[in-house]
């Protein structure tokens, strides 16, 4: 690593006031909520680049335009009249784990909690693109939201593109429901894109325009953000599908300030979730000695083809302080690393989580 | 102020990893949501001392015991069969503004966003206490939640007491609904206390026991936490009803990392919310010069007798960088201070918010 740290990063483990301001509004999943197969809407992680727009559903339109034979425009009723699919999908922010990197990229300072699984309801994107008749020559489809803000010095609407293959073949939904209810404002009311298996930046919220492009999109979120930069600032590969990750439902009870866990000695069922956007989860291993040794956990069934599974591990917890870790492997051969892999903007850090657990007999409190 | 900073505080403006961990789970209101009179559940601020407990509503009981003539035990259906009241109530965390103090107390690092207004539905606490027949000699009523964790070195359930007068006369509710739905898990499912006008720590979540006490409660949350300590560590007055505060719906659009606002020159309607637990809001003033001069805003009607109002202020925004502030006054004569008033644990800092706004013609972006 260079010294001083690269531009846009900080070597200190202390968080800057700007990062705190982001952390106060964008929140993670409280990790105990990993027990739920479907995350309640208010517990699902949130990363909102600009402000939540106020959208009057009566005025809302989704326009489908660009390199298409038949430009289309839908109101919400027209979208709801199209074939409907509901699917539990695990989302994870591409920046999850960023604040555990050193030096740390200055952006939303996620630890490991930027995840959630919701049941999304909507109509397949593919059907709408086929109805519009996307031109064979269109290499990409652009998705534009109603939210506006400044990034890279330019005011813009949030917008991301997908290749035409990914737009047609990924199982993407134009989603107007979350967990059986209309989308909450913070999750894109009234309409968002949901692309199974991709990191969260793909799932454009407050979606108002789908545009078939004649040329690849060179906008901020694809060409500047969400790429795996090296330490010299060279943009590398774009961020795409999720790497495998596993997390624990933190055992025992927390201390308020430190969030450190304590529990009584004896048998304890450790459990958690695991997911990957690159294949099925084929293995989860657990370590109770900080990653020195691992043993296999039992795997449950995935909540859906695009969602996490629960894993369990029986531990005879001895007195003492232990570092508990879990490590997932997927069918594409990806394994969570023990140590973070660094990149300049702090994306896709799927290193194993480490939870410190103190196992002790309960204190005898005088009554 | 002493040097070095008092135990439990930090002089740096950088946030520690422990504070970040709290900020990643406990989130504020995204300030643009101040436009809504009633805050959607997922946008309401959250401060959870321990973990969110998983409660099976079929097993849930509320027990009313202690110094009463008739101990009572309710299941949820029995509570729902009692007289029902719904009331919009503004909540604010007692620690709101803590991270703007110097030196800063080490705890949840709130800026100004730890607020929200929900419509709570439930049965008046007073009716249940009267049905149980609280003894005349009982000076306090204790409220105990199902959530457990460690604070002050001791494992405990979250528990807070109120004086018998406050329990009977504050309009407190045993609430099982938020915004017309069953409570979300993070807001206390299936039952919580709601005490209008008090800071949020009073509103015990996952409420399972109401106990009339023969002696004042000396538990952690009343006797150690939530008191206005001086810099020598002497516990002062307990935290009780909210001081007045006003906040702006941030004008213009944000920059992603800094959250700084930009807007075009010309007329702009500044608006925001104001509330107090100590009286009615009688005045809100706005400054566009960092607090050097103030002018009166127009006040709307409060959303309820226990909730915020909206204020508006017409500004002819000139080009340049401006610091916008608002200052509320209540009918008890409390006025928001321009600078924070310090206490060791960082409670009730209601100093005026300062938002930096850059007013400029939009950049000519080449098309």
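Chains as they are written, first to last, in my numbering: chain X, 1 to 367; chain V, 1 to 367. All C-beta atoms, glycine included, are put in the ideal place defined by N, C-alpha and C.
Contact with chain X by residue 233 (chain V), beta-carbon distance below 7 angstroms: no
Residue from V:286, V:100, V:7, V:360 with nearest C-alpha to residue 321 (chain V): V:360
Residue of X:281, X:288, X:317, X:8 minimising C-alpha distance to residue 308 (chain X): X:281
CA nearest to the CA of residue 139 (chain V), picked from V:315, V:109, V:67, V:173: V:67
Sequence-distant residues of its chain with Cβ nearer than 7 angstroms to residue 101 (chain X) (five each side left out): 340, 342, 346, 349
Among V:223, V:326, V:267, V:77, nearest to residue 317 (chain V) - alpha-carbon criterion: V:267
Residue of V:11, V:34, V:95, V:286 minimising C-alpha distance to residue 242 (chain V): V:95
Members of the stretch 43-58 of chain V that neighbour chain B once the beta carbon cut-off is set at 9 angstroms: In the structure shown, chain B does not exist; the protein chains are X and V.
Interface flag, residue 97 (chain V) vs chain X, CB-CB below 7 angstroms: no
Any chain X beta carbon closer than 7 angstroms to residue 273 (chain V): no
The stretch 168-188 of chain V: positions lying closer than 9 angstroms to chain X by Cβ: 184, 185, 186, 187
Within chain V, partners of residue 13 (chain X) - CB distance below 7 angstroms: 17
Contacts of residue 111 (chain V) in chain X (Cβ-Cβ under 8 angstroms): 20, 21, 24
Reduced DSSP secondary structure (H/G/I, E/B, other) of residue 128 (chain V): helix
Residue 236 (chain X) classed as buried or exposed, judged by whether at least 16 other C-beta atoms fall within 10 angstroms: exposed
Where residue 25 (chain V) falls: helix, strand or coil (DSSP): helix
Assigned exposure category for residue 154 (chain X) - 16 Cβ within 10 Å defines buried: exposed
Residue 39 (chain X) versus residue 353 (chain X) - alpha carbon distance: 20 angstroms
Counted within 10 angstroms of its Cβ, other Cβ atoms place residue 160 (chain X) as buried (16 or more) or exposed: buried
Cross-strand partners of residue 192 (chain V) (DSSP beta bridge): V:175
Contact under 7 angstroms by Cβ, residue 195 (chain V) with residue 170 (chain V): yes
Contacts of residue 40 (chain V) in chain X (Cβ-Cβ under 7 angstroms): 184, 185
Nearest-angstrom Cβ-Cβ length linking residue 115 (chain V) and residue 90 (chain V), presumed shorter than 8 angstroms: 7 angstroms
Residue 32 (chain X) beta carbon less than 7 angstroms from that of residue 257 (chain V): no
Neighbouring residues, chain V, relative to residue 106 (chain X) (Cβ below 8 angstroms): 257
Nearest-angstrom beta carbon gap, residue 198 (chain X) and residue 277 (chain X) [assumed within contact, 8 angstroms]: 6 angstroms
Partners in chain X for residue 151 (chain V), counting only beta-carbon separations shorter than 9 angstroms: 255, 256, 257
Residue-chain proximity (residue 148 (chain X), chain V), Cβ-Cβ < 7 angstroms: yes
Residue 362 (chain X) (DSSP reduced to helix, strand or coil): coil
Residues near residue 75 (chain V) in its chain [Cβ-Cβ closer than 7 angstroms; skip 5 each side]: 60, 61
Range covered by the beta strand (DSSP E) that runs through residue 98 (chain V): That residue, residue 98 (chain V), is in no beta strand (DSSP E); it is neither H nor E in DSSP.
Proximal chain X residues relative to residue 35 (chain V), where beta-carbon distance stays under 7 angstroms: 54
Rounded straight-line distance, which links the Cα of residue 302 (chain X) to that of residue 121 (chain X): 18 angstroms
Three-state class that DSSP yields for residue 2 (chain V) in the structure shown: Caution is warranted here: a pLDDT of 49 is assigned to residue 2 (chain V), below 50, making its placement in the model unreliable, and the coordinate value is therefore given only provisionally. In this structure, residue 2 (chain V) counts as coil in the three-state DSSP scheme.
Contact with chain X by residue 27 (chain V), beta-carbon distance below 7 angstroms: yes
Local conformation of residue 289 (chain V) per DSSP, three classes: coil
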